[in-house]
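Each residue of the sequence shown is one higher than the one before, starting from 1 at the first, in my numbering.
Don't be surprised by glycine CBs; every beta carbon is placed ideally from N, CA and C.
Contents: one structure, followed by commentary.
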Amino acid sequence: MKELAIDGASGRSTIMIGASIKQLAALPRAKKIVIITDRTIRRFHEESFPPWPILEIGTKEISKNLATVESLYNGFFAHELDRSSFVVAIGGGLVCDVAGFAASTFMRGLSFGFVPTTLLAQVDASIGGKNGVNFQGYKNLIGTFTQPEFVLCDFNVLKTVPEDEQKNGFAEVVKHAAIGNEGLFAYLESNWKRAIDLEPEAVERIVFDSISLKSSIVNKDELEKGERRKLNFGHTIGHALEKVTGVRHGEAISIGMIAAARLSMNRRLLSLRDVQRIESLLINFRLPIRASCSPDGVVDAVFKDKKRENKEIHFVLLDRIGSARVEPVSIEEIREVFVDLC
Ligand SMILES: NC(=O)c1ccc[n+]([C@@H]2O[C@H](COP(=O)([O-])OP(=O)(O)OC[C@H]3O[C@@H](n4cnc5c(N)ncnc54)[C@H](O)[C@@H]3O)[C@@H](O)[C@H]2O)c1
Numbered sequence: 001m002k003e004l005a006i007d008g009a010s011g012r013s014t015i016m017i018g019a020s021i022k023q024l025a026a027l028p029r030a031k032k033i034v035i036i037t038d039r040t041i042r043r044f045h046e047e048s049f050p051p052w053p054i055l056e057i058g059t060k061e062i063s064k065n066l067a068t069v070e071s072l073y074n075g076f077f078a079h080e081l082d083r084s085s086f087v088v089a090i091g092g093g094l095v096c097d098v099a100g101f102a103a104s105t106f107m108r109g110l111s112f113g114f115v116p117t118t119l120l121a122q123v124d125a126s127i128g129g130k131n132g133v134n135f136q137g138y139k140n141l142i143g144t145f146t147q148p149e150f151v152l153c154d155f156n157v158l159k160t161v162p163e164d165e166q167k168n169g170f171a172e173v174v175k176h177a178a179i180g181n182e183g184l185f186a187y188l189e190s191n192w193k194r195a196i197d198l199e200p201e202a203v204e205r206i207v208f209d210s211i212s213l214k215s216s217i218v219n220k221d222e223l224e225k226g227e228r229r230k231l232n233f234g235h236t237i238g239h240a241l242e243k244v245t246g247v248r249h250g251e252a253i254s255i256g257m258i259a260a261a262r263l264s265m266n267r268r269l270l271s272l273r274d275v276q277r278i279e280s281l282l283i284n285f286r287l288p289i290r291a292s293c294s295p296d297g298v299v300d301a302v303f304k305d306k307k308r309e310n311k312e313i314h315f316v317l318l319d320r321i322g323s324a325r326v327e328p329v330s331i332e333e334i335r336e337v338f339v340d341l342c
């Protein structure tokens, strides 16, 4: 087991990588503890849970809303939680985001911890203290920056994650490698098959390197004023694609990363060879590098996004594999690369 830490405004978050869910029982020091999870995770893993009361939420993104948060507040109330109580989320990014938000707002904030159960939740959603829910069709519009006291990553729980969900996690791992860790990128190029097969050594390497990168960025810029924006590589176009076409998150950001890489090449930052390396790696993870939709709808959606700033948008570009920068780009530049990808 390896440990990393994030020192945020709300306190230290200890991240335990390669731990066992069996260690969970000893972590919170509170008289009253509740678990928040969903029924799929219960079905596969409830026998490993400590004997604490369970509150269940829905399994689909549609339940990531304020009504679900209210149902959790009712559950906290029924279990008579007070400010000394502790909340543990066991689940994917959805469960962690909603549970973290409910805990960090109930009675002005209960302590909480996460046991992320998908690859995406381990390498991304559970790390960094962003909690929240969707509102009026906008993703994560309501939320807090509050760090979980601990994040316990048990690789064994990943074995039950369906293949399509697993791909979302690999897309985020490729993103982390592309923006900040050339060594991890090269490792993935040689070991993608071992990663897909969840071979323990490969999982440990990719989860540890991904969390190291994200936690070091969050330690420098918890509130996303600068450096943390680099984690949006592939996401500006990705979110628009997800909204307009309904493709899965990992697929959308895979195409978004290719668009951003090509835009970087058009600006003479990135070589064609590096664009091709990113394409090949994504293909190995069975992620798409082209979209099947009309470019106009997606380009419009990019500019309706909340990050719009006049006619330019702050966009994450690559200088090379392993190094990113944020620069304003115009609607024309985005349209130009996107037309080629449709
Ligand atoms: N807070 C952040 O910084 C951040 C970052 C990235 C994504 N997110 C959020 O994370 C969410 C997506 O998270 P996700 O990709 O983990 O998907 P998810 O949480 O929506 O889970 C997907 C499905 O997998 C099931 N599942 C989870 N763990 C499982 C397991 N071990 N075995 C079998 N099935 C399992 C769930 O029940 C669900 O049906 C989105 O809401 C997104 O906005 C947040």
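Measuring CA to CA, which of the options is closest to residue i?
i	options	result
Glu189	Ser210, Gly91 and Glu279	Glu279
Val34	Pro51, Ala9 and Tyr187	Pro51
His45	Val174, Glu199 and Thr118	Thr118
Ser294	Val329, Leu341, Arg286 and Pro148	Leu341
Leu66	Lys139, Val151, Pro200 and Arg325	Lys139
Gly128	Ile15, Phe285, Arg248 and Asn156	Ile15
Cys366	Glu172, Ile217, Thr146 and Pro116	Residue 366 lies beyond the residue range present for the chain, which begins at 1 and ends at 342; the question has no answer from this structure.
Lys214	Gly183, Glu172 and His239	Glu172
Asn348	Leu141, Ala19 and Ala99	With the chain represented from 1 up to 342, any question about residue 348 goes unanswered, as that position is not in the structure.
Asp164	Arg39, Leu282, Leu27 and Arg248	Arg248
Thr121	Lys220, Gln23, Val244 and Gly93	Here residue 121 turns out to be Ala, not Thr, going by the sequence shown. The shortest C-alpha separation from Ala121 is found at Gly93.
Which residue or residues does DSSP assign as beta-bridge partners of residue i?
i	result
Ile41	BP columns for Ile41 are empty, so no partner.
Tyr138	Phe135
Arg325	Leu317
Ile17	Lys2 and Cys153
Pro116	Gly91
Asp7	Arg12
Ile36	Leu55 and Ala89
Alpha carbon to alpha carbon, how far is residue i from residue j?
i	j	result
Phe112	Ile90	11 angstroms
Lys31	Glu224	35 angstroms
Arg83	Ser10	15 angstroms
Lys130	Asn191	31 angstroms
Ile62	Arg277	35 angstroms
Phe315	Arg29	43 angstroms
Ile237	Ser85	41 angstroms
Ile255	Asn168	12 angstroms
Phe106	Val88	14 angstroms
Glu332	Val326	17 angstroms
Phe150	Arg273	40 angstroms
Phe76	Val95	16 angstroms
Val69	Leu269	44 angstroms
Leu158	Thr37	15 angstroms
Val299	Leu318	20 angstroms
Ala102	Gln147	13 angstroms
Ser13	Val218	11 angstroms
Ala261	Val275	6 angstroms
Ala5	Glu222	13 angstroms
Ala78	Ile57	16 angstroms
His235	Ile258	11 angstroms
Leu72	Leu55	7 angstroms
From what residue to what residue does the alpha helix (DSSP H) around residue i run?
i	result
Val302	Pro295 to Lys304
Glu163	Glu163 to Gly180
Gly91	No alpha helix (DSSP H) holds Gly91; the beta strand (DSSP E) holding it covers Phe86 to Gly91.
Gly75	Leu66 to Ala78
Ile62	Element bounds for Ile62: n/a, residue is neither H nor E.
Asn284	Leu272 to Asn284
Ser264	His249 to Asn266
Leu241	His235 to Thr245
Ile331	Ile331 to Leu341
Taking only beta-carbon positions, decide if residue i is within less than 8 angstroms of chain D.
i	result
Met257	Among the chains in the structure shown there is no chain D, since it carries only a single protein chain.
Which two residues bound the contiguous beta strand (DSSP E) that contains residue i?
i	result
Glu56	Ile54 to Ile57
Phe315	Glu312 to Arg320
> Is there contact between the segment 127-142 and the segment 172-189, where contact requires at least three CB pairs shorter than 8 angstroms?
Replying inline: When Cβ pairs closer than 8 angstroms are counted between the two stretches, the segment 127-142 is seen not to touch the segment 172-189, the count staying below three.
> Pairing CB atoms from the segment 198-208 with CB atoms from the segment 228-242, are three or more of them under 8 angstroms?
Replying inline: With a cut-off of 8 angstroms, the segment 228-242 and the segment 198-208 do not count as touching, because too few Cβ pairs lie within range.
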